[in-house]
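Whatever position you read off the sequence shown (first residue = 1), add 1 for the working numbering.
Here a beta-carbon is modelled for each residue, glycine too, at the ideal position from N, C-alpha and C.
Given the structure is predicted, the values throughout are model-derived calculations rather than measurements.
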Amino acid sequence: MDDEKKPSKPDQDSGKNDPPIQPQKRQQSVIIYLIILFAAAFLLLLMAYFMQQRNNNAIIGNLKDSLTSFQTMEELREENLALQERLQDAQEEATGLQEEYEALIQQYVNSSNEAEQAQTQVELSHALYSAEYLFQQEEFHQAAEQIAALQSQDLTLLSTVSENGVPSEAQRYETLAAELTEAGYLIDQGGQLLVAEPEE
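Below, the structure written as structure tokens:
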């Protein structure tokens, strides 16, 4: 009976009867964990790579745009230089044309003056010839009026050259004026010839 009430000793080998954790499963768990970490790291690296590529592409695109802009600016600069050269050529041509125009205007003015002088010479010669004709016809008063009228003209335009013994126009004018003054048809007042009043 004493043997039956005696507590039994715990079985020290009972732990040995539990099923042991299998090292193979633990090793598989570690491998799976490492694979997951590797996959995550790979994904992160892959994402970083694509982001870097995108940044590189953006930078390359900006560089290309900048290069295109520089090329465009260079083309614009060259075009601007070409336009400046064309403008300078046009200005030089305009200056040349302006000088030619001024020369033509001056030539026209000179020709006009020469034509007016020639016309005045013709008129003076005709008036002198008329006065001489009236004097020869003994129309002394009318001849005196013609000589007096000639004073308002530019008498320097009368010819001063004698040809073949024929007196010049200036000499003929002075001779005729002196004869009419001596005859009393002209009055010399301080170098100004006035027509005398005809006798009634």
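Note down, one range per segment and in chain order, each beta strand (DSSP E) of at least 3 residues found wholly within the region 44-87.
For the region 44-87, not a single whole beta strand (DSSP E) run of length 3 or above is found.
From the DSSP output, read off the bridge partner residues of E164.
Position 163 of the sequence shown, counting from 1, holds the residue named residue 164. In the DSSP output, where bridge partners are listed per residue, E164 has V167.
Starting from Q147, follow the alpha helix (DSSP H) in both directions and report where the run begins and ends.
For this step, residue 147 is matched to residue 146 along the sequence shown. Following the DSSP letters along the chain, one finds Q147 inside the alpha helix (DSSP H) bounded by residues 141-151.
Please go through the same chain and pick out, in chain order, the residues whose beta-carbon is closer than 7 Å to the beta-carbon of Q147, but skip the five residues on each side of it.
Within the sequence shown, numbered from 1, the residue matching residue 147 stands at position 146. Cβ within range, chain order: A128, S131, A132, L135.
Let's see if you can read the secondary structure: which residues bound the beta strand (DSSP E) around D189?
In the sequence shown, residue 189 corresponds to position 188, counting from 1. For D189, the enclosing beta strand (DSSP E) begins and ends at 187-190.
Beta-carbon within less than 7 Å of L125's beta-carbon, same chain only, minus the 5 sequence neighbours each way: which residues are those?
The residue labelled residue 125 in the question sits at position 124 within the sequence shown. Non-local C-beta neighbours of L125 in its own chain, meaning closer than 7 Å and more than five positions away in sequence, comprise L151, Q154, L158, L159, ordered along the chain.
Report, in whole angstroms, the separation of the C-beta atoms of A179 and I188, which I expect to be a contact under 8 Å.
Locating residue 179 in the sequence shown gives position 178, counting from the first residue. Locating residue 188 in the sequence shown gives position 187, counting from the first residue. Actually they are not in contact, since the Cβ atoms of A179 and I188 sit about 13 Å apart, beyond 8 Å.
Within the same chain, show all residues whose beta-carbon is closer than 6 Å to that of A171, passing over the 5 residues directly before and after it, in chain order.
Indexing the sequence shown from 1 puts residue 171 at position 170. Taken in chain order, the residues that qualify are L159, T161.
Exposure of L177, with buried meaning 16 or more beta-carbon neighbours within 10 Å:
Sequence index remark: in the sequence shown, residue 177 carries index 176 (1-based). The C-beta of L177 has 16 or more other C-beta atoms within 10 Å across all chains shown, which makes the residue buried.
Evaluate L194 with the Cβ neighbour count: other Cβ atoms within 10 Å of its Cβ, from every protein chain shown; 16 or more gives buried, anything less gives exposed.
Start at 1 with the first residue of the sequence shown, and residue 194 comes out as number 193. L194 is buried by the Cβ-count criterion.
For Q143, tell me which candidate among L181, Q29, E76, E80 has the shortest Cα-Cα distance.
Indexing the sequence shown from 1 puts residue 143 at position 142. When only C-alpha atoms are compared, the closest one is L181.
Which class does L159 belong to by DSSP, given the choice of helix, strand or coil?
Here residue 159 refers to the residue found at position 158 when the sequence shown is read from its first residue. Look at L159 here: in three-state DSSP terms it is coil, with no helix or strand label.
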